[in-house]
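The next block holds one structure in the form of structure tokens; read it before the comments.
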Amino acid sequence: MHVVWVPKYRKKVLVGDVAIRVRDLLRQIAYEHDLRIISGKVARDHVHMVISYRPNQDVSQIVQWLKGISSRVMLQEFSHL
């Protein structure tokens, strides 16, 4: 599955410490939910991921985990976002 998502208004906020934390957080979420990241990139204004998942997992649930959990954690840790 190929997933791409962008911050609101495609703002270029995924830089420096924020980009590193997003990358690590997405890896952690994938590990916790038995997903395999085949490739991925955190660009300044979007995130690209190619993910392998089990057949019994729903794509909508996977995207909800990745976007929802990472968004909540990032907003708590980086108030300027």
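Numbering (this note's numbering) for the sequence shown: 1 to 81. Using N, Cα and C, we set each Cβ at its ideal position, and we do this for glycine too.
### Limits of the unbroken alpha helix (DSSP H) element including Gly40
No alpha helix (DSSP H) contains Gly40, which is instead part of the beta strand (DSSP E) from 36-42.
### Query
Do you know whose CA, among Ile51, His48, His33, lies nearest Trp65's CA?
His33
### Task
Take Ala30 and list the residues in its own chain whose beta-carbon comes closer than 6 Å to its own, dropping the five residues that flank it on each side.
Ile37
### Query
Start and end of the beta strand (DSSP E) containing Ile62?
Element bounds for Ile62: not the beta strand (DSSP E) but the alpha helix (DSSP H), 59-64.
### Query
Which whole-angstrom value is the C-beta distance of Arg44 and Leu14, which I expect to be below 8 Å?
6 Å
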